[in-house]
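Numbering (this note's numbering), first residue to last: 12 to 183.
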């Protein structure tokens, strides 16, 4: 009788640890994605830093190329998350979806820089009426960018909630 109880407890613990191992691996992959995104945006020698260096030098052509590179880096990050398996992991699918939506929103926000950079380049060569129009367009772009920031904030809140639900469901 005692052996069957111990055996049952042992099997339960073994099965539980397998599930949490999958959950830990899944969460670890998402954490790696978070580190990659950080490197893309503000990491030393990342594309975000390179873009700023080009902007300081007023090298708009290379700044735009760097924004395109940053967009490709986000595409790879999103593709990696898309490939993650959620099979048998409680609350993993909502977390994966929230992560994908968050990084897509970040990509759109940082890709928007391309429009602003093009407008800044126009400001350098614009004169009189063209200058006023270019400045107004830059202000309008700033308002559009604020909307993109708001989308990112909302997606970040959804990601946080999904992450909490995932941690609670998987005992992490």
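Heads up, the beta-carbon is just placed ideally off N, CA and C, and yes, glycines get one too.
On the three-state DSSP scale, how would you describe residue i?
i: residue 112; result: helix
i: residue 40; result: helix
i: residue 60; result: helix
i: residue 126; result: helix
i: residue 94; result: coil
i: residue 101; result: coil
i: residue 76; result: helix
i: residue 166; result: helix
i: residue 50; result: helix
i: residue 135; result: helix
i: residue 183; result: coil
i: residue 4; result: The chain is shown only over 12 to 183; residue 4 falls outside these bounds and no answer can be derived.
i: residue 45; result: helix
i: residue 29; result: In this prediction, residue 29 scores a pLDDT of 48, lower than 50, which makes its location untrustworthy; no coordinate-derived value is stated.
i: residue 175; result: helix
i: residue 148; result: helix
i: residue 156; result: helix
So residue i and residue j are in contact, right, with Cβ under 8 Å, and what is the actual spacing, rounded?
i: residue 152; j: residue 134; result: The Cβ separation is near 12 Å, so there is no contact.
i: residue 159; j: residue 110; result: With 8 Å as the limit, residue 159 and residue 110 do not qualify as a contact, their Cβ atoms being about 18 Å apart.
i: residue 88; j: residue 44; result: 6 Å
i: residue 183; j: residue 55; result: Their Cβ separation, rounded to whole angstroms, is 30 Å, which puts residue 183 and residue 55 out of contact at 8 Å.
i: residue 48; j: residue 120; result: About 12 Å; that fails the 8 Å criterion.
i: residue 173; j: residue 100; result: Contact flag wrong, Cβ pair sits at about 13 Å.
Does residue i pass the burial test, meaning 16 or more other C-beta atoms within 10 Å, or should it be called exposed?
i: residue 72; result: exposed
i: residue 36; result: exposed
i: residue 77; result: buried
i: residue 124; result: buried
i: residue 168; result: exposed
i: residue 136; result: exposed
i: residue 145; result: buried
Which residue wins for smallest C-alpha separation from residue i, given the options the options?
i: residue 164; options: 76, 85, 113, 88; result: 113
i: residue 68; options: 132, 109, 167; result: 132
i: residue 58; options: 82, 40, 180; result: 82
i: residue 170; options: 137, 183, 144, 102; result: 102
i: residue 129; options: 51, 46, 50, 66; result: 66
i: residue 155; options: 96, 127, 32, 63; result: 127
i: residue 180; options: 74, 104, 50, 162; result: 104
i: residue 92; options: 74, 143, 46; result: 46
Is there at least one Cβ from chain D nearer than 7 Å to residue i's Cβ?
i: residue 183; result: The chain inventory of the structure shown lacks chain D, comprising one protein chain alone.
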